[in-house]
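Asker: Residue numbers for the sequence shown follow full-length UniProt numbering, so the first one is 1 and each next one is one higher. All C-beta atoms, glycine included, are put in the ideal place defined by N, C-alpha and C. It should be emphasised that the depicted structure is a prediction, and the values quoted were computed from it without experimental measurement.
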Amino acid sequence: MSDSPAVLVTGSSGMIGTALVERLLAEGVDVRGVDRCPNRWSDAVDAVTDRIDLLEPDAEDRLPTGAGTVVHLAAHSRVRDLVEEPTGATENLQTLSTALEYARRNDADLLFTSSREVYGDQGQTVYAESDAGVRDAENPYGASKAGGEALVASYGECYDLRTCTLRLSNVYGRYDDYNRVIPVFVALADRGEDLTVYGGDKLLDFIYLDDCVDALTCAMERIDAVQGEVLNVGSGRGHSLLHLAELIVDRVDADVAVTVDDNRPGEVDRFVADVDRSRRLMGFEPSYSLPAGLDETVAWYRGRPDLLDDVV
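1) Since D50 sits in a beta bridge, which residues does DSSP pair it with?
2) Using the rule of at least 16 other Cβ atoms within 10 Å of the residue's Cβ for burial, across every protein chain shown, is D211 buried or exposed?
3) Could you pull out every residue in the same chain whose Cβ sits closer than 6 Å to the Cβ of Y141, ignoring the five residues on either side in sequence?
4) Is F284 helix, strand or coil by DSSP?
5) Taking the beta carbon of T87 as the centre, do at least 16 other beta carbons fall within 10 Å, making it buried, or is it exposed?
6) Only counting the same chain, and skipping five residues up and downstream in sequence, which positions put a Cβ closer than 8 Å to that of R277?
7) Are there 16 or more other CB atoms within 10 angstroms of the CB of Y172, so buried, or fewer, so exposed?
8) To the nearest angstrom, how far is it from the Cα of E84 to the Cα of S77?
9) Any C-beta of chain D sitting closer than 8 Å to the C-beta of L25?
10) Among D250, M15 and T98, which has the Cα closest to the Cα of D190?
11) Where in the segment 171-234 do unbroken runs of the beta strand (DSSP E), each at least 3 residues long, occur, reported from the N-terminal end onward?
12) Just to confirm the assignment, what range does the beta strand (DSSP E) spanning G110 have?
13) Indicate the three-state DSSP secondary structure (helix, strand or coil) for T163 in the structure shown.
14) Three-state secondary structure (DSSP) at S12?
15) Since V71 is in the beta strand (DSSP E), which residue starts that stretch and which ends it?
16) Less than 8 Å between the C-beta atoms of residue 315 and A67, yes or no?
17) Which residue wins for smallest C-alpha separation from Q227, given the options F185, T65 and E157?
18) Classify A108: buried if its beta carbon has 16 or more other beta carbons within 10 angstroms, exposed otherwise.
19) Can you tell me where the alpha helix (DSSP H) holding T98 begins and where it ends?
20) With 16 other CB atoms within 10 Å as the buried threshold, where does C218 fall?
21) Please report the distance separating the alpha-carbon of A89 from that of L54.
22) Which stretch, first to last residue, makes up the beta strand (DSSP E) that contains D261?
23) What would DSSP say about R279, mapped onto helix, strand or coil?
24) Starting from R80, follow the alpha helix (DSSP H) in both directions and report where the run begins and ends.
25) When the Cα of R270 is compared with those of T18, D30, E138 and D58, which residue comes out closest?
26) Give the secondary structure of V311 by DSSP, where H, G and I count as helix, E and B as strand, and everything else as coil.
27) Does DSSP put R270 in a helix, in a strand, or in coil?
28) Tell me the DSSP secondary structure of S42 in three-state form.
29) Secondary structure at L25, three-state DSSP: helix, strand or coil?
Laid out in structure tokens, this is it:
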């Protein structure tokens, strides 16, 4: 275990990475980011981010030295993208391998962000950590996360690394990818266009960005209690996509229709996280309800109309 308080965040130009590095900077933590893209949201985060592609052969040698904790967020994170281009699943494992090798050689702790996609669709609604098996994932993205969990666990056992895997539910908020469901719904409603919900019965667990960052910092601070663990990070409550669409339309105050179409292949129909273990081991409790989180999210996007214009 390293004595260094410094933190290395991979994927620091992404949604969660940006918010996490902002939080750590505000708390005075010695933090460095790594991303192959510039940060379009925060000059402060961009200033501490090294432009490195973790897929490059020399990536590990170029990473900032001296970190005592690695938070690995870098990944191809859109399910639909990996359904269409499944080679991205292999790249997810390659970037994780680079982060793990850095942690091994620097004796650093490592947090890995996995996904609720590892559970697949098993015909139930609420999923505890023990419900995931290696063959449950229904798409290449979920499979890349399931394989990543196994790789992380092996490094913990073989090299005595302190690791923790956090299975994230649907994270939403500022800085979100334009093609995810909430920014798309906000943009369409703002333009007065009708919304289409794929899967009338689809029920998902949404967690606001600031709550997700809280969970990450909880795991970092309580690594002794959570090392070797796999923990769900979610709100513990399910909301239908139809209800989500109605909440957004209400906040935009748009006169648009919401229609329902069939669920798309490779997408999970129902998922709510059992958050008992994360509550007990990390003391983590989400602060934002879905309506409260959407208040923040819709206001952020509507305050940036140029961003909404970019949403397909």
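Answerer: Let me lay it out:
1) The beta-bridge partner set that DSSP reports for D50 consists of V34.
2) D211 is buried by the Cβ-count criterion.
3) The answer, listed in chain order, is V79, L82 and E117.
4) Note: F284 maps to coil in three-state DSSP.
5) So T87 ends up on the exposed side.
6) Correct list, in chain order: A128, E129, E229, L231 and N232.
7) By the 10 Å Cβ count, Y172 comes out buried.
8) Looking at the backbone, the Cα of E84 and that of S77 are separated by about 13 Å.
9) The question asks about chain D, but that chain is absent: this structure has only one protein chain.
10) Of D250, M15 and T98, the smallest CA-CA separation from D190 is found for D250.
11) Fully enclosed beta strand (DSSP E) runs of 3 or longer: 195-198, 206-208 and 229-233.
12) For clarity, residue 110 is Leu in the given sequence; the question names Gly instead. L110 -> beta strand (DSSP E) spans D109 to S115.
13) Looking at T163 - three-state DSSP - the assignment turns out to be strand.
14) Here S12 sits in coil by DSSP.
15) Counted as a single uninterrupted DSSP element, the beta strand (DSSP E) harbouring V71 occupies residues T69 to H72.
16) Absent from the structure is residue 315, since the part of the chain shown begins at 1 and ends at 312.
17) In terms of Cα proximity to Q227, the closest of F185, T65 and E157 is E157.
18) It counts as buried.
19) Counting along the chain, the unbroken alpha helix (DSSP H) around T98 starts and ends at T87 to N106.
20) Burial check for C218: the Cβ neighbour count within 10 Å reaches 16 or more, so the residue is buried.
21) Cα to Cα, the separation comes out at about 14 Å.
22) Taken as a continuous stretch (DSSP letters only), the beta strand (DSSP E) holding D261 covers V258 to D261.
23) Assigned with DSSP and collapsed to three states, R279 falls in helix.
24) That run of the alpha helix (DSSP H) goes V79 to E84.
25) Taking each of T18, D30, E138 and D58 in turn and checking the Cα distance to R270, the smallest one comes out for E138.
26) The answer is coil: DSSP assigns V311 none of H, G, I, E or B.
27) Secondary structure of R270 (DSSP, three-state): strand.
28) In this structure, S42 counts as coil in the three-state DSSP scheme.
29) DSSP places L25 in the helix class (H, G or I) of the three-state scheme.
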